[in-house]
Every structure is written in structure tokens, then in C-alpha cells.
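I have placed the structure first, in the form of C-alpha cells, so that the comments after it can refer back to it.
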Amino acid sequence: MTQPLHLGPLTLVLRQQTLLQLPERRIAPGEILTLMGPNGCGKSSLLAGLAGVLPPGGPLQLVGEIRLGTRLLSTLPAYQRRIGMLFQEDLLFAHLSVVENLMFGMPAHIKGAARREQAQQALTRVGLAALGNRHTGALSGGQKARVSLLRTLLAEPDVILLDEPFARLDKPLRAAFRTLVFEEIAGRAIPAILVSHDEEDAPATILDLAAMASPATRYPPISEDDPLV
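For the record, in the sequence shown the residue sitting at position 104 is 103 according to numbering that gives the first Met the number 0, with numbers rising by one throughout.
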């Protein structure tokens, strides 16, 4: 059974200076929390912290508790958190076929012919049944976006983080893909967090991250060695 995601309160810190603070939130299974704010306010870095991929001991850290139900995620390495991510870039393997890309992301408990069967069923569901053996370099932008979504979902994540996944799509395709993403998340009852600049992308609750940092810390001075936020 999918569990709710409990956040924080969380603080994103760059070299011991607060970038932003996120109040305590509960995200129900199937709910999407949308984070909005200007470039540089820490949206993508916040997602990286939630996923557990910020370097330990690095200049950028996310402080606070992250729980899925009663399970504490914030002390676990990234591979144990079971968090899926969907980005602007499709991040598909160009040397693999579409089906092979999907099978690559599946958990180990799915074995043998069942892996290919599940991949093909997923492609059929989104209208790409005929493209299973095609290499991803031959796909359109919209087709790549759908394959990337399927690969994320077939990994069976407990949480999904969406880092502006619609930004590179043109308006008609953007609307259709957005609807598909939201329907899949709701149907699978997965708590999700979406980063976006577009209010049309927000299905429900919106948090304005720019309002969660004081003017003095919203854009702190950084060195050339600091990570992009």
C-alpha cells in the first residue's frame, strides 16, 4: 500500500547559509505538490536533496526529516529511498531499443520474459506499441517523453519527483503529456512533487519558494566552486 510523504520542515543550506525553508507538508498518495519560484531559488537542488543525491559533506545540504509513512528516508542513501525522477531531458540510452530502455529500469524481482511483457504492455497503454524495437534516437520529442515517463513508473517508485518535465515540449504536446503524467500518478497513488515555472502545470497545491527566503538570503553570493541551484 502506498504511504503518504511527510516533509520537514526542511532547510536548504549552501555553505551554512540558508537558501530556503520549506514548511512541514504531508503529500497524500496520488497528490502532486507543485513548487514554483524564479531561477536560482533552489527548486532543483531541493529535489536533489529529497532524492538523496546531494554529495555528503558538500557545500549544499538539505536539513530535516523526510518520511514515507513511518519509514525515515532522509537517513538512507539514494538507492534505498525508492524515489523516481523525471527531468526535462529524457535521459534515455541511445544505444538501446525502447523496450530495452524500459526493462533497464525495472526492479530485480521482475524476471525473464515478464520484463519484456510488462514493457510492451506499458507501451501499448500510451500508444507506442509499434515502437518497442526502435532505438530512442529515432523517436520524436513527445515519444521520448512518454518512454521516459514509463521507465520511471516501471521502476516502481514510492515517490516521484518531477523537475520541469514539460518545459521542452510545445504547447499542445505539453498539455497532453501533462495530463498523462497526472493520470498515471493518480492511478498508481504515488505522492509526487513537481517543479515548474508555469501555473498551468500545477494540478493542485502550489508553494512559492521565492516567498520562503528572506531578501537577504534569496540570492546569496556564491563562489565559482558552488553548485548550481
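All C-beta atoms in this analysis are idealised placements derived from N, C-alpha and C, irrespective of residue type, glycine included.
Beta-bridge partners of GLY83 (DSSP): ILE159.
Residues of the same chain with a CB within less than 8 angstroms of the CB of ALA50, apart from the 5 flanking positions on each side, are ALA77, ARG80, ILE82, MET84, LEU160 in chain order. As computed with DSSP, GLN60 is found in a beta bridge with VAL12.
In this model, VAL194 and ALA113 are separated by some 34 angstroms (Cα to Cα).
The shortest CA-to-CA distance from LEU179 to any of GLU198, ASP197, SER147, VAL158 is the one to SER147. For the set PRO8, ARG25, PRO106, the Cα lying nearest the Cα of ILE192 is the one of ARG25. GLN119 and THR135 have their C-alpha atoms some 15 angstroms from each other.
Distance from ILE205 to GLY29 at the Cβ level is roughly 17 angstroms; contact not present, criterion being Cβ atoms closer than 8 angstroms.
In the DSSP assignment, MET102 falls within the alpha helix (DSSP H) that extends over 97-103. Contact annotation: the segment 50-68 does not touch the segment 98-118, with fewer than three C-beta pairs closer than 8 angstroms.
Scanning the segment 25-49 for uninterrupted beta strand (DSSP E) segments of 3 residues or longer gives 31-35, listed from N- to C-terminal end.
With contacts defined by Cβ atoms closer than 8 angstroms, PRO22 and GLY7 form a contacting pair. Annotation: ALA191 is outside any alpha helix (DSSP H); the continuous beta strand (DSSP E) that includes it extends over 191-194.
Residue burial is scored here from C-beta neighbours: LEU90 has fewer than 16 other C-beta atoms within 10 angstroms and is therefore classed as exposed. The beta carbon of GLU155 lies closer than 7 angstroms to those of PRO106 in the same chain, with the five residues before and after it left out. Rounded to whole angstroms, the gap between the alpha carbons of GLY48 and GLN60 is 7 angstroms.
Beta-bridge pairing by DSSP links GLN20 to THR10. Its chain contains PRO58 as the residues whose beta carbon lies nearer than 6 angstroms to that of ARG14, once the 5 sequence neighbours on both sides are disregarded; these appear in chain order.
Here SER139 is exposed. Its C-beta has fewer than 16 other C-beta atoms within 10 Å. Residue state for ILE184 is assigned as helix, using DSSP reduced to three classes.
In the displayed model, ARG115 falls within a helix according to three-state DSSP. As the crow flies, the alpha-carbon of GLU198 is around 15 angstroms from that of PHE176.
In this structure, the beta-carbon distance from PRO164 to GLN87 falls below 8 angstroms.
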